[in-house]
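Residue numbering for the sequence shown follows the numbering used here, starting at 120 and increasing by one per position.
No residue lacks a Cβ here, since even glycine has one placed at the ideal position from N, Cα and C.
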Amino acid sequence: MKTLDQVTDDKLRGGFYTPPDLVELCLSRIDSLVGTGDRVRVLEPSVGDGAFIRGLARNPLGDRVEQVVALEVDDIEADKARSEGNCTFFPVSVLLESAVQWAARTEDLFDAAVGNPPFVRFQFIGDSDVLAVEQLGMRLGIEFRGVGNLWIPVLLGAASRVKVGGAIAFVVPTELFTGVSAGAARRWLLANYSELRIDLFEPGSFPGVLQEVIVLSGRRAATRNEGSAAVEFVEHDPGQIEVHWSHSLETTARPWTQFLLAPRQLAAYQTLRECRAFQPLAAYARIEVSIVTGANEFFSVSRSEVQDYGLEPWAVPLLPRTRHADGLRFTIGDHELLLQSGAPAWLLSFDEHRPNPQEQPKARAYLERGERQDLHRRYKTGIRSPWYRVPSVWAGALLLSKRCHRFPRLIVNEAEVVTTDTIYRGVMHTAHIGREPALAGSFHNSATLLTAELEGRSFGGGVLELVPSEVARLLVPFTSFTNDDLIGLDAIARATDQGSDEECLIDATDQLLLQRVPEISADLLECLRGARRSLLGRRLKRN
């Protein structure tokens, strides 16, 4: 996380501007949604340098504009927008004011709202905006608790000032689909807008835009919708024909990732959810965050460091990263090879049942080395007494990557290594202890990995991350697999690490799935495979 002095003024106010192609698309959507009347009043809640004002002056919609009211918090940018307004044939009023503070109190209504809300994290906004977000939430009946970015209240504040029958078109981050904090926006939009449409673009389509974005548009509904609403999706791929599809979305805060799938693929996913052979992973095991050291680089040590500082009494076998595990079983032999490579494959555990390191000169010297680096002053170490005593050092029978490139791997921990918080640890529920190989063997099929794409979230570089609550919801065909299945699958995974196609492991697991689960037909599985590949491809394009 960056501190205030590490962030540019432009980024603090979300000052990244909208490419003309996105402006044109937004305005064409407004033009098609507001009808044929003239005297259209337009709201632009974050005008910046006036990109949407320039766009309106070139767009046929501009001929019908009665007035543009624009808001901007930066006086220099506001002056730029006023200059743009002076060159138009419609009146432009630029207010030097926070869009959230304005929306929290105004009674003004508009025929359309358009723009690109500022992408500013809450840690960088002032107290007055924090209070205004709270007031806006009360006005709209929305709980903004947990919302981490200003674009969400700016979007909803503007959308709430649109008349019945009026329209919105906004450039917003793709986290509208998956972000937990964007759940309030998803729910409110479905309840208050009809004819919703989401335009999707290939990552990197707009090089000047730092976030991956979509265009969200719709018409203000006359009555509040408490059920489901139809949403149209449009895929824009350079050089390709636009692809359109629609889904009926319920007015809940649940993520929308599944609706990126074509209707046939979504129907296959719904069939999977009804298959009794697939149950949530939480029915069989508990996966949790592993050891939090507060200074992994200090507490994770190599064999030579253990020897140099006499740290043998406190060294516990460690798997530093899942990339250090070739297969689906991590064995004692694997750990020995890791040690021979010079990797930091020991974790230091100075718990109260071990010798006091302060009484051993070499160990004490190692601790003093950490103190010279001010490690004892870090938050997570500073709340411990002594600072070097790491809590909850124990090994899980299962290991799962927290973040992954193509797909997460579930590994049986035969070597009983511990892991830091980069790898989750897991234990089987009492009734299933001893069947860890069956669970790991069942995990890497297309259906389960599709649920990983749907439940998880993507970060920079196309990386997929799953938190424990999302892992718990992954659907697995555990009862259809045996411990013996893991032997062959582990060999395939290890061959993959030597350069074979990573998909070979998934293909082999899928073949076992077809043999073991009659409810999963070849056609259904192929559809699920296609759905996973579709979401995977979209995610990896962000790399």
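With respect to the 9 Å criterion, Val184 and Gly204 are not classified as neighbours on the basis of their beta carbons. Taking the Cα of Gln634 as reference, the smallest distance to any Cα among Ser561, Asn475, Leu250, Gln377 is reached at Ser561.
Residue burial annotation: Gly174 is buried, with at least 16 other C-beta atoms found within 10 angstroms of its C-beta.
The continuous beta strand (DSSP E) containing Val435 extends over residues 434-436.
Counting along the chain, the unbroken alpha helix (DSSP H) around Ile625 starts and ends at 622-635. The segment 516-529 makes no contact with the segment 496-508: fewer than 3 CB pairs, one atom from each, lie closer than 8 Å. The DSSP-derived three-state label of Tyr485 is helix. Comparing alpha-carbon positions, the option among Val211, Glu191, Pro326, Ala200 lying closest to Ala222 turns out to be Glu191. The C-alpha of Val290 is placed about 12 Å away from the C-alpha of Ile271.
A residue is called buried when at least 16 other Cβ atoms come within 10 angstroms of its Cβ; Met257 does not meet this threshold and is exposed.
Check the Cα spacing between Phe171 and each of Leu141, Ala286, Leu152: the tightest is with Leu141. Taken through DSSP and simplified to helix, strand or coil, Ser421 comes out as coil. Ranked by Cα distance from Leu605, the first of Val590, Glu589, Ser588, Leu624 is Leu624. In the three-state scheme derived from DSSP, where H, G and I count as helix and E and B as strand, His524 is classed as coil. Less than 9 Å divides the Cβ of His524 from the Cβ of Val582. C-alpha of Leu228 to C-alpha of Glu253: approximately 21 Å in a straight line. Counting along the chain, no beta strand (DSSP E) covers Gln477, and no H or E run does either.
Of the candidates Asp182, Thr225, Asn564, the residue whose Cα lies closest to the Cα of Thr207 is Asp182. Considering only Gln330, Glu645, Ser347, Arg280, the residue with the shortest C-alpha distance to Arg339 is Arg280.
Judged by pairs of C-beta atoms under 8 Å, the segment 362-380 does not touch the segment 595-614, as fewer than three such pairs exist. In the structure shown, Asn178 falls within a coil segment according to DSSP collapsed to helix, strand and coil. Ranked by Cα distance from Trp433, the options Val239, Ala482, Phe263, Ala404 are led by Ala482. Counting the other CB atoms within 10 Å of its CB gives Ser640 a total below 16, which places it among the exposed residues.
Closest option to Ala197, judged by alpha-carbon separation, among Phe209, Pro210, Leu214: Leu214. Here Leu379 is not near Leu315, since their CB atoms are 9 Å or more apart. Between His443 and the set Gln459, Glu216, Val435, Glu431, the nearest pair of CA atoms involves Gln459.
In this structure, DSSP gives Ser565 a helical state, which the three-state scheme calls helix. The beta carbon of Pro357 sits closer than 6 Å to no other beta carbon from its chain once the five residues preceding and following it are set aside.
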